[in-house]
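K.L.:
Numbering (my numbering), first residue to last: 361 to 586.
There's a structure below that I have some questions on.
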């Protein structure tokens, strides 16, 4: 079976369905031998930006990054749309500050009652947001954060010998991969790989002192909000 994920509104449900089906095998991507040095370095460094802060995590998925990032946080709200992936995250050994909520990353309506956060984190989410939706989504995220909040995004870099090949580019310059799951189904998944200049240009007027760290297989972008 082949499922196409287009960059319109319907892609939200389609992407959620894809990750629900992929939940049990999702973390196999972190077993690739060539990625281990990057992973260990990022895991060691990820907690420092969030020390003592009240943090909103977007699209936590199976929670690979959550135990590492939340180590020194005062409060950590991990959100995701999929109960299948969130169940895996909740079963992990987690710092006591971590709590979970089901929330649509594109609206955050389910957590509208939460007071402003002092930090935000998203691991491997940016690359799945259609380029035409990124400015609006970032403005939404920033609206849920207090002045002085720390924002950290972490995502994949494209490495020809390790990454799934790109198969097409649409009219909005989004790029796509064909992914095959162990159940035999194939899925076209939007996956963008920004340059530092492209990502920083998207951040909007509240972003201050953006810092881009390039690892071999991943990148990290940090900044503060005015």
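Here a beta-carbon is modelled for each residue, glycine too, at the ideal position from N, C-alpha and C.
All values reported here derive from a predicted model rather than from experimental measurement.
Measuring CA to CA, which of 449, 531, 437 and 515 is closest to residue 478?
P.N.:
The residue labelled residue 478 in the question sits at position 118 within the chain shown. Comparing Cα positions, the closest option is 437.
K.L.:
Within its chain, find whatever has a CB closer than 6 angstroms to the CB of residue 513; leave out the 5 residues flanking it on each side and keep chain order.
P.N.:
Here residue 513 refers to the residue found at position 153 when the chain shown is read from its first residue. So the list reads 482, 486 and 581, once near-sequence residues are dropped.
K.L.:
Leaving out the 5 sequence neighbours to the left and right, which residues in its chain are closer than 7 angstroms to residue 398 when beta-carbon positions are compared?
P.N.:
In the chain shown, the residue the question calls residue 398 occupies position 38. So the list reads 575, 576, 577 and 578, once near-sequence residues are dropped.
K.L.:
Might you give, ordered along the chain, the residues of its own chain that have their beta carbon closer than 8 angstroms to the beta carbon of residue 495, omitting 5 neighbours on each side?
P.N.:
In the chain shown, the residue the question calls residue 495 occupies position 135. These residues qualify, in order along the chain: 562 and 564.
K.L.:
Below 6 angstroms CB to CB, which residues in the same chain sit around residue 369 once its five sequence neighbours on both sides are set aside?
P.N.:
Here the question's residue 369 lines up with position 9 in the chain shown. For residue 369, the pLDDT reaches just 45, beneath the cut-off of 50, and the residue's location in the model is therefore unreliable, leaving the point undetermined.
K.L.:
May I ask which residues mark the beginning and end of the beta strand (DSSP E) holding residue 526?
P.N.:
Residue mapping note: residue 526 aligns to position 166 of the chain shown, counting from 1. Looking at the DSSP string, the run of the beta strand (DSSP E) that includes residue 526 is 526-529.
K.L.:
So the alpha helix (DSSP H) residue 503 belongs to, where does it begin and stop?
P.N.:
Sequence index remark: in the chain shown, residue 503 carries index 143 (1-based). That run of the alpha helix (DSSP H) goes 494-503.
K.L.:
Nearest-angstrom Cα distance between residue 546 and residue 409?
P.N.:
Here residue 546 corresponds to residue number 186 of the chain shown, with the count starting at 1. Here residue 409 corresponds to residue number 49 of the chain shown, with the count starting at 1. Going from the Cα of residue 546 to the Cα of residue 409 covers about 37 angstroms.
K.L.:
Let me know if residue 544 comes out buried or exposed under the rule of 16 or more other beta-carbons within 10 Å of its beta-carbon.
P.N.:
Stepping through the chain shown from its first residue, residue 544 is reached at position 184. With fewer than 16 Cβ atoms within 10 Å of its Cβ, residue 544 is classed as exposed.
K.L.:
According to DSSP, is residue 519 part of a helix, a strand, or is it coil?
P.N.:
Your numbering for residue 519 matches position 159 in the chain shown. Three-state result, residue 519: coil.
K.L.:
For the pair the stretch 390-404 and the stretch 457-464, tell me if three or more CB-CB distances fall below 8 angstroms.
P.N.:
These segments do not touch.
K.L.:
Return helix, strand or coil for residue 575, following the three-state DSSP convention.
P.N.:
On the chain shown, position 215 is the one that residue 575 refers to. Residue 575: coil per DSSP, three-state reduction.
K.L.:
Helix, strand or coil for residue 440, going by three-state DSSP, please let me know.
P.N.:
Position 80 of the chain shown, counting from 1, holds the residue named residue 440. Note: residue 440 maps to strand in three-state DSSP.
K.L.:
Give me the DSSP bridge partner(s) of residue 535.
P.N.:
Walking along the chain shown from the start, residue 535 turns up at place 175. 529.
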